[in-house]
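Trainee: Heads up: the sequence shown begins at 5 in the numbering used here, then just goes up one per residue.
The C-beta atom is built at its ideal place from N, Cα and C for all residues, glycine as well.
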Amino acid sequence: MEHPLPCKSVITPTSHSPNSNTPRDMSGPLHGIRIAEYPSAACPLSLRLAMSFAGRIAAGLGASVVKLGSRDDDPVQAVGPRIGSSSALSIFLDQGKAYQAVGPDRNAVSALMALGPAPDIVLCDAQALIQLQSLAQTSIRTVLSMFPVTSEANACAATEFTVMALSGLLDLVGDPDREPLRMGGHQLAYACGLAAYSGSVAALCARQPGSAAEVVRVTLADVAVWLNWKVVAMASWSAAGRARLGRDAEWQVVRCADGWIALVFLEADWPVLRDFVNDPRLSEVRFNDRAERRRDARTVASIVEGVFLRYTRQELKALALAKRLPLGPVWSPIELEDDPQNRARSFFSRQPNAPQAPLLMPRLPVLWNGQTFPAARASAAASSPETEPRA
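1. Which one of ARG60, SER68, SER138 has the shortest CA to CA distance from ILE95?
2. Assuming SER143 and ALA122 make a contact with CB atoms under 8 Å, what is their CB distance in whole Å?
3. Where are the alpha helix (DSSP H) runs, 4 residues long or more, that stay fully inside the segment 82-167, in chain order?
4. Nearest CA to the CA of ALA115: which residue from GLU183, GLU41, GLU309, PRO184?
5. Looking only at its chain, what residues have a beta carbon closer than 6 Å to the beta carbon of ARG278, apart from the 5 residues adjacent to it on each side?
6. Our contact map puts PRO79 next to LEU51 with C-beta atoms below 8 Å; I'd like the distance itself, whole angstroms only.
7. Please determine, among VAL311, ASP273, VAL147, GLU183, the residue with the shortest C-alpha to C-alpha distance to ASP293.
8. Leaving out five residues on either side along the sequence, give the residues of the same chain with a beta carbon under 7 Å from the beta carbon of VAL113.
9. Is the number of C-beta pairs between the segment 253-271 and the segment 191-201 that are closer than 8 Å three or more?
10. Drop a sphere of 10 angstroms on the beta-carbon of LEU372, count the other beta-carbons inside from all chains shown, and report buried for 16 or more, exposed for fewer.
11. Can the beta-carbon of GLU254 be found closer than 8 Å to that of ARG298?
12. If distances are taken between C-alpha atoms only, which option among ASN282, CYS47, GLN375, ALA295 comes closest to ALA161?
13. Given that a residue counts as buried once 16 or more other Cβ atoms are within 10 Å of its Cβ, and exposed if not, what is ARG328?
14. My output table needs one value for LEU313: the three-state DSSP class, helix, strand or coil.
15. Quick check: the Cα distance between GLY214 and LEU208, rounded to an integer number of angstroms?
16. Write down every uninterrupted run of the beta strand (DSSP E) in the segment 314-376 whose length is 3 residues or greater and which is fully enclosed by it, in chain order.
17. Measuring alpha carbon to alpha carbon, tell me which of SER74, PHE151, VAL236 ends up nearest THR166.
18. So for ILE61, helix, strand or coil by DSSP?
19. Compare the beta carbon distance of MET55 and GLY263 with 8 Å and say whether it is the shorter of the two.
20. Excluding five sequence neighbours on each side, which residues of the same chain lie with their C-beta closer than 7 Å to the C-beta of ASP124?
21. Which residue comes first and which comes last in the beta strand (DSSP E) that contains GLN256?
22. Locate the alpha helix (DSSP H) running through ASN198, then write down its first and last residues.
23. With H, G and I counted as helix, E and B as strand and the rest as coil, what does DSSP make of PRO378?
24. Which residue wins for smallest C-alpha separation from ASN232, given the options GLU183, ALA200, LEU174?
25. Give the DSSP-derived three-state secondary structure of GLU296 in the structure shown.
26. Excluding the 5 residues flanking LEU53 on each side, which residues of the same chain have their C-beta closer than 6 Å to its C-beta?
27. Could you tell me if GLY374 is buried or exposed, where buried requires 16 or more neighbouring beta carbons within 10 angstroms of its beta carbon?
28. So for GLU183, helix, strand or coil by DSSP?
29. For ILE37, which of helix, strand or coil comes out of DSSP?
30. Does ALA305 come out as helix, strand or coil in the three-state DSSP assignment?
31. Just verifying my parser: in three-state terms, what is the DSSP assignment at ALA225?
32. What number of angstroms, rounded off, separates the C-alpha of ALA324 from the C-alpha of LEU270?
33. Looking at C-alpha atoms only, which residue of GLY66, ALA58, VAL70 is the closest neighbour of GLY32?
34. Going along the chain, which residues of its own chain have a beta-carbon closer than 7 Å to the beta-carbon of GLY73, five neighbours each way excluded?
35. Can you give the beta carbon distance from VAL308 to LEU267, rounded, assuming they're within the 8 Å contact cut?
36. Using 10 angstroms around the beta-carbon of PRO180, count the other beta-carbons present and answer buried if the total reaches 16, otherwise exposed.
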């Protein structure tokens with residue numbers, strides 16, 4: 005995501021506290037911008053992760069980011085996997101941030117005021133927004149929810165997994181004869197966090213001195229539907245709904261000698277793929293027609309897989325590049341670190357001074373005027389509860 009704005013002249017903080025203990029990147033485009041994350045006690049985990057990711061991006065771009073609450077009571081801390089005694093999610097998401105304790109009365113405004121002038125942005129959920137009514141109107145409120153505030157679905161309990169199912173995202177993966185598969189990690193929550201970050205930056209750019217700031221609303225369900233936009237578009241010209249096709253899908257992931265590879269090809273790629281596989285069964289006249297291949301996709305995939313089992317992922321990658329076939333080997337993050345394209349773009353970096361070092365982390369998923377931002381070094385405030393500033 006690119007932000008082509010000359011940040012220094014467009015985005016300016018409403019105020020800045022020189023005594024703040026929050027770590028800041030003095031050279032980042034959001035230097036001087038103050039952001040608070042405030043999830044309510046009932047905030048779903050997926051929205052907490054989205055909030056944390058939005059704040060993580062902003063912190064990496066130089067903003068001062070504070071999480072209201074106690075590190076020990078943060079539900080994200082309980083989410084695995086773990087690196088030593090710490091949650092890997094927390095180590096990544098809380099870099100460059102500090103915690104600010106909230107009193108027993110959960111008076112968020114008092115906790116924020118203890119840090120200095122009102123923040124430029126508060127990332128919160130709908131319940132937390134109610135508690136921020138007395139906060140200065142110059143603070144942008146970015147409000148995250150599972151569903152639109154006008155939706156009857158707000159009365160229902162939901163998770164990231166169930167929202168992905170409702171949106172149709174889970175129709176893209178898995179086999180119809182099996183239970184729905186969970187996608188790895190927290191992809192929808194992070195996409196929601198990216199949307200929250202983008203909306204917050206847009207509101208900063210639009211903010212006028214002396215005027216009330218905007219309320220930015222981001223819902224997990226809306227983001228899921230946007231990610232699955234092709235299915236929405238297909239509904240306008242096809243009566244058939246998208247469903248999990250499993251081994252009957254035209255594009256599949258098949259086995260090879262040392263793992264898996266995505267079998268992706270367009271109509272123009274078929275002759276090249278057929279000749280590469282070099283199995284007489286694929287030369288049958290019926291397979292010259294795409295509709296026939298799709299009807300018998302299980303057979304096509306089985307034949308291709310039988311040949312691919314002779315090759316490693318690296319060998320198949322080299323052959324695919326030579327023949328200009330869009331095949332996709334499945335790599336682990338550690339393997340991706342050595343990928344030439346990732347190395348050229350410094351996509352991953354090792355954090356030698358982080359807790360449980362060294363850690364491998366991806367750079368931030370944004371550009372600003374063409375500039376990339378690597379993963380920041382873990383700060384003391386993000387890694388040690390003893391450094392929490394107190395009200």
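Mentor: From the atom records:
1. ARG60
2. 5 Å
3. 92-97, 112-117, 130-134
4. GLU41
5. LEU286
6. 11 Å between Cβ atoms; not a contact.
7. ASP273
8. LEU136, SER138, LEU139
9. no
10. Checking the displayed sequence, the identity of residue 372 turns out to be Trp instead of Leu. By the neighbour-count rule (16 or more Cβ atoms within 10 Å), TRP372 is buried.
11. yes
12. CYS47
13. exposed
14. coil
15. 13 Å
16. 352-355, 363-366
17. PHE151
18. helix
19. no
20. PRO17, THR18, ILE37, ARG38, ILE39, SER143, ILE144, LEU208
21. 256-260
22. Note that residue 198 corresponds to Leu in the displayed sequence, not to Asn. It spans 191-210 - the alpha helix (DSSP H) in which LEU198 sits, taken as one unbroken run.
23. coil
24. LEU174
25. helix
26. HIS190, ALA193
27. exposed
28. coil
29. coil
30. helix
31. helix
32. 13 Å
33. GLY66
34. TYR103, VAL106
35. 6 Å
36. exposed
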